[in-house]
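2 protein chains.
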Amino acid sequence: MSARKIGVTELVLRDAHQSLMATRMATEDMIGACEDIDNAGFWSVECWGGATYDAAIRFLNEDPWERLRTFRKLMPKSRLQMLLRGQNLLGYRHYEDYVVDKFVEKSAENGMDVFRVFDALNDPRNMARAMQAVRDAGKHAQGTICYTISPVHTVDGYIKLAGQLIDMGAESIALKDMAALLQPQPAYDIVKGIKDTYGDVQINVHCHSTTGVTLVSLMKAIEAGADVVDTAISSMSLGPGHNPTESLVEMLEGTGYETDLDMERLLRIRDHFAGVRPKYKEFESKTLVDTNIFLSQIPGGMLSNMESQLKAQGAGDRINEVMEEVPRVKADAGHPPLVTPSSQIVGTQAVFNVLMGRYKVMTGEFADLMLGYYGECLGERNPEVVAIAQAQAKKEPISVRPADLMEPEWEHLTEEASKLEGFNGTEEDVLTNAMFPNVAAKFLATRAEGPKSVAKTPEQLSAEQAKAAGPAQGITAPVKYNVKFAGREHSVTVEPA
Amino acid sequence: MSARKIGVTELVLRDAHQSLMATRMATEDMIGACEDIDNAGFWSVECWGGATYDAAIRFLNEDPWERLRTFRKLMPKSRLQMLLRGQNLLGYRHYEDYVVDKFVEKSAENGMDVFRVFDALNDPRNMARAMQAVRDAGKHAQGTICYTISPVHTVDGYIKLAGQLIDMGAESIALKDMAALLQPQPAYDIVKGIKDTYGDVQINVHCHSTTGVTLVSLMKAIEAGADVVDTAISSMSLGPGHNPTESLVEMLEGTGYETDLDMERLLRIRDHFAGVRPKYKEFESKTLVDTNIFLSQIPGGMLSNMESQLKAQGAGDRINEVMEEVPRVKADAGHPPLVTPSSQIVGTQAVFNVLMGRYKVMTGEFADLMLGYYGECLGERNPEVVAIAQAQAKKEPISVRPADLMEPEWEHLTEEASKLEGFNGTEEDVLTNAMFPNVAAKFLATRAEGPKSVAKTPEQLSAEQAKAAGPAQGITAPVKYNVKFAGREHSVTVEPA
């Protein structure tokens, strides 16, 4: 019996550095690995979207479109893949449909092949337009299930959602486990259920590794029929990141499944990023493995967010109350998956409830969530809290697709962009300003200065190592001392000779 | 259907710190976790043997027997478990049978319950006496299969070995994967094969996590019928260590298998060791995940050993030749598993072969290996190399059990120990000197000074953090300088303003 081939999506150019080093990796640190990545035999190379667009203009003075074109040129054989937040695109609000069309069109034009389209609430209506635009561009539209655990989320519910995505024209289904919550058994059951119900639709499985459990989940998903799984090269793996690519290859030996990846290429990719990773050490989280989320249901990032909000209010000691409040707020909102932006919205409201009394003050975002302006959740919303939201926000609840209420905005967005210093007249620039209006103005004005990496230089790294190695001897910069001698006090400045 | 219960052996007190921090953890850093470990519901607590005995007297000025008695007192409900290298006990040579009997008897008397007996060559004759001694003491004798990959090692061979161990009276079988080489499919096949062939004998599976693959192997072993698996609490897991205990618990949810471990206790154990681990950071390896061994068949520790041998000879650039030589030497020796001491013996000979010509110079240890003085390997030894060994060592090859050639030595060992300063007259002290004659003399002489931890103190840790955090500016205490200015030299004392 010949082995069934399992495709692999390599994450090192997008989600790996987003998860491990706050999305700070500069294009120049990726270029050296592209030839090997292009020839290693991956099903696709995730390299764009998610937070990379925002980080490129906010921290790196890099044009994300230029990065995409670079990847296209350096990896001509590969399917390039991006993560797209449906009607939000890569921004933090809903966009009118024509903007969605434009973004997808320009992404395809600049080289994107596979669009993983998701919505934080799993509301298919928020994914539909982007999926259609991908199909219109002749590209691969991947519909996404965000996995979470709640009293209303069931295996059957996920299977049903897969059906809705297939009906919308999804060429494949992604099962996306952003919090490393997907245990082996539900991984198996969901994949098996989708295959049994809808026939041989392609299923891609994306897991983070935070809880230490999910390589097993990938194994069980493969046994259940998954076609493609996501991993990151070992030197950029584990912790809040993903399972190591090489480990996946070795895991499958003799099992009747195989990846056909070129191990020599993988080791060269590994060695490249083993050299890059230390340069971004200051952005790394200390988490190695953490199973707390199975108990608390609160993702690590959300927890630290709430802690700093509490501290800012001088109430750092009330975190346990807030942690008990979160499940209640989440239930009131109809059990949204806790992922950006719903995690922040629910978390902040839980903090407000503890500090000021339950729903005495409601954030604008939470009111919008309660009133349907982010879309529908799987669970029912608590009608009493909906009423409070309506009163506080002075807005009606809606049941239509949120973007249906939007006016055409492309012309206005073009006009806004055209006023900016450094605007180059392209639709790409219009989109940059549309998604990150505050950041884009500054970026466009400084773009001509070129990329500004935040990585440590080799010199800085060896200076740090030297400092860590020996005891601190003397000074590295001028220092002023009070010096007493021959009975008199002098102010003396000393600097390295 | 009720879930099948899976036992767990917690490794934090022995193999976890042996693998992660060169066995340096002091008893005082373990004591605070013992109550939770004792009550968490483990099948057993591995806490002694392996390298801990050597490290205790060599680095920590701790009496290993006192450590064992402490554990016995603090964990009255638990099965205490140790790793015992068969006829080698915990030392680096073969001992005469009465010494083996004595060691097992004293270990049982001081509180040991489960003896995992192994031999580096998988030669059952080297395990037989120790297993019998354990049974005579009324304790649990666990026979061990060391897992390796070679042309002569097959699933059927491992199943056959399990049968030999059962015939020797093993109460359970351990499948021991010290190099993280055990992939999911062979894990399944070996466990299934043993169960199918010999009925319901208890099987314990021990994997390291170095290659990132082996939590999946534990899952497949459990599916095949394994009864107990080894893990380490998450804050002392991964890298060259083991899979995290909490991840195992979460992995099994909903699968039809369960551990019954108390998660609250686990989290307290985790938090305890999360505080301890940084104190031993200087002993930690940097390895996070490394799949090289699947290609090279050379364990990481053996590789770095050979590298330093080459460097000492000014031949650091010849490591690739040595890596190609290792499989040849290993084959000539009959394919021993590469684990202490065979890994050092084979590695050193490979270095000699490259530097001086193949078998031009043979180490005494390698000659002994070729001549049968360590026992039998699974493969045939190369007769030409056996002849060279015979000529160089001026010794005949043997086919009997090595310990059969030994004279009674207990009386002599007692005499030797009684000459030492600090000898307390106990058989435990005789055994300490028997196993580590050079180290024991110094230890016994200084034992009265009490344990000397090599951990960093909280003060040292925060000083280091402070140093790493800010740039080192100036001095922290008064310093005297000779300063020349205005043409004259002055002795000047400077202190922080």
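Heads up: the protein sequence lines correspond to chains A and B, in order.
For the first sequence, our numbering gives the first residue as 361, with consecutive numbering after it.
For the second sequence, our numbering gives the first residue as 361, with consecutive numbering after it.
For glycine and all other residues, C-beta sits at the position ideal for the given N, C-alpha and C.
- prompt: For the putative contact between Ala393(A) and Phe633(A), defined by C-beta atoms under 8 Å, what is the C-beta separation to the nearest angstrom?
  reply: Rounded to whole angstroms, the Cβ separation of Ala393(A) and Phe633(A) is 7 Å, and the two are in contact under 8 Å.
query: Mind checking if Val551(A) is an interface residue toward chain B, Cβ cutoff 7 Å exclusive?
result: It does not: the Cβ of Val551(A) has no partner Cβ on chain B nearer than 7 Å.
- request: Hey, could you find the ends of the beta strand (DSSP E) Trp408(A) is sitting in?
  value: Segment Ser404 to Gly409, the beta strand (DSSP E) holding Trp408(A).
query: Under the three-state reduction of DSSP, which class applies to Val699(B): helix, strand or coil?
result: Correct three-state label for Val699(B): coil.
query: Where in the segment 604-687 of chain B do unbroken runs of the alpha helix (DSSP H), each at least 4 residues long, occur, reported from the N-terminal end onward?
result: Every alpha helix (DSSP H) of 4 residues or more that sits fully in the segment 604-687 of chain B is shown, in chain order, as 605-611, 623-636, 652-656 and 660-672.
task: Reducing DSSP to helix, strand and coil, say where Asp479(A) ends up.
output: In this structure, Asp479(A) counts as coil in the three-state DSSP scheme.
Contact list for the segment 577-595 of chain A against chain B, Cβ threshold 7 Å: Within the segment 577-595 of chain A, the qualifying residues are Met579 and Ser594.
task: Please name the residue, chosen from Arg718(B), Phe654(B) and Asp764(B), that lies closest to Glu744(B) on a Cα-to-Cα basis.
output: The closest CA to that of Glu744(B), considering only Arg718(B), Phe654(B) and Asp764(B), is found on Arg718(B).
field: Backbone secondary structure at His772(A) - three-state DSSP
entry: Here His772(A) sits in helix by DSSP.
field: Glu456(B) to Pro768(B) span [Cα, whole Å]
entry: Approximately 6 Å between the Cα atoms of the pair.
- request: Could you say which of Leu655(A), Glu681(A) and Val589(A) lies nearest to Glu667(A) if we only look at CA atoms?
  value: It is Glu681(A).
field: Exposure label - Val576(A); buried when at least 16 CB within 10 Å
entry: Under this definition Val576(A) is a buried residue.
message: Can you confirm whether Thr651(B), when its beta carbon is compared against all beta carbons of chain A, has any partner nearer than 7 Å?
response: At a cut-off of 7 Å between C-beta atoms, Thr651(B) counts as an interface residue with respect to chain A.
query: When DSSP builds the beta bridges, which residues end up paired with Lys536(B)?
result: DSSP lists Cys506(B) and His566(B) as the bridge partner or partners of Lys536(B).
task: Could you tell me whether the Cβ of Ser362(A) comes closer than 7 Å to any Cβ of chain B?
output: Chain B contact via Cβ: absent.
field: Below-7 Å beta-carbon distance, Glu613(B) vs any chain A residue
entry: Under the Cβ distance rule, Glu613(B) counts among the residues neighbouring chain A, one pair being separated by less than 7 Å.
message: Using C-beta distances below 8 Å, list every residue in its chain close to Lys536(A), excluding the 5 sequence neighbours before and after it, in chain order.
response: Counting only residues of its own chain and dropping the five nearest sequence neighbours on each side, Lys536(A) has a CB closer than 8 Å to the CB of Arg476, Phe478, Thr504, Ile505, Cys506, Tyr507 and His566.
query: In chain order, what residues of the segment 515-528 of chain A put their CB closer than 7 Å to some CB of chain B?
result: Going along the segment 515-528 of chain A in chain order, one finds no residue with a Cβ nearer than 7 Å to chain B.
query: Taking C-beta to C-beta, are Gln709(B) and Phe726(B) nearer than 7 Å?
result: A contact, by the Cβ cut-off of 7 Å.
- request: Output, in chain order, the set of chain A residues within a Cβ distance shorter than 9 Å of Gly401(B).
  value: Simply none; closest approach about 16 Å.
- prompt: Out of Asp473(B), Asn482(B) and Gln378(B), which has the shortest C-alpha to C-alpha gap to Gly446(B)?
  reply: When Asp473(B), Asn482(B) and Gln378(B) are compared, the shortest CA-CA separation from Gly446(B) is found for Asn482(B).
message: Check whether the segment 428-440 of chain B and the segment 401-416 of chain B touch, using three or more Cβ-Cβ pairs below 8 Å as the test.
response: The segment 428-440 of chain B, when compared against the segment 401-416 of chain B, does touch it at the 8 Å Cβ threshold.
message: Against chain A, does Gln545(B) count as a neighbour if the rule is that its beta carbon must be under 7 Å from one of theirs?
response: Yes, because at least one Cβ of chain A sits closer than 7 Å to the Cβ of Gln545(B).
- request: Using beta-carbon positions only, say whether Asp527(A) and Lys499(A) come within less than 7 Å of one another.
  value: Result no, Cβ atoms of Asp527(A) and Lys499(A) do not sit closer than 7 Å.
query: Buried or exposed: which applies to Asp516(A), given that a residue is buried once 16 or more other Cβ atoms fall within 10 Å of its Cβ?
result: A residue is called buried once 16 or more other Cβ atoms fall within 10 Å of its Cβ, and Asp516(A), having fewer, is exposed.
- request: Tell me where the beta strand (DSSP E) around Glu370(A) begins and ends.
  value: Boundaries of the beta strand (DSSP E) harbouring Glu370(A): Gly367 to Glu370, taken from the DSSP string.
- prompt: If you drop the 5 nearest sequence neighbours on each side, which residues of the same chain put their C-beta closer than 6 Å to that of Lys580(A)?
  reply: Only Pro544, Ala547 and Tyr548 meet the Cβ criterion.
field: Other residues of its chain near Pro484(A): CB distance less than 6 Å, five sequence neighbours each side excluded
entry: Apart from sequence neighbours up to five positions away, the residues of its chain that approach Pro484(A) with a beta-carbon distance below 6 Å are Gln524, ordered along the chain.
Which listed residue (Asn652(A), Ala493(A) and Gly409(A)) has its alpha carbon closest to that of Ser594(B): The shortest Cα separation from Ser594(B) among Asn652(A), Ala493(A) and Gly409(A) belongs to Asn652(A).
message: Does Gln704(A) come out as helix, strand or coil in the three-state DSSP assignment?
response: Correct three-state label for Gln704(A): helix.
message: Between which residues of its own chain and Gly367(B) is the CB-CB distance below 7 Å, once the five residues before and five after are set aside?
response: Excluding sequence positions up to five before and after Gly367(B), its CB lies within less than 7 Å of the CB of Trp403, Asp587 and Val588, all in the same chain and listed in chain order.
query: Alpha carbon to alpha carbon, what distance is there between Trp408(A) and Asp461(A)?
result: Taking the straight line from one Cα to the other gives about 18 Å.
query: By a C-beta neighbour count over all protein chains shown, 10 Å radius and 16 as the cutoff for buried, is Asp496(A) buried or exposed?
result: Exposed, by the Cβ-count rule.
message: Tell me which residues share the same chain as Val636(B) and place their Cβ nearer than 6 Å to its Cβ, disregarding the 5 neighbours each side in the sequence.
response: Contacts found: Asp389.
- prompt: Which residue from Leu420(B), Glu465(B) and Gly410(B) puts its Cα closest to that of Val699(B)?
  reply: Residue Gly410(B) holds the alpha-carbon nearest to the alpha-carbon of Val699(B) among Leu420(B), Glu465(B) and Gly410(B).
- request: Please decide whether Phe633(A) counts as near chain B, where near means a Cβ-Cβ distance under 7 Å.
  value: No, its Cβ sits nowhere closer than 7 Å to a Cβ of chain B.
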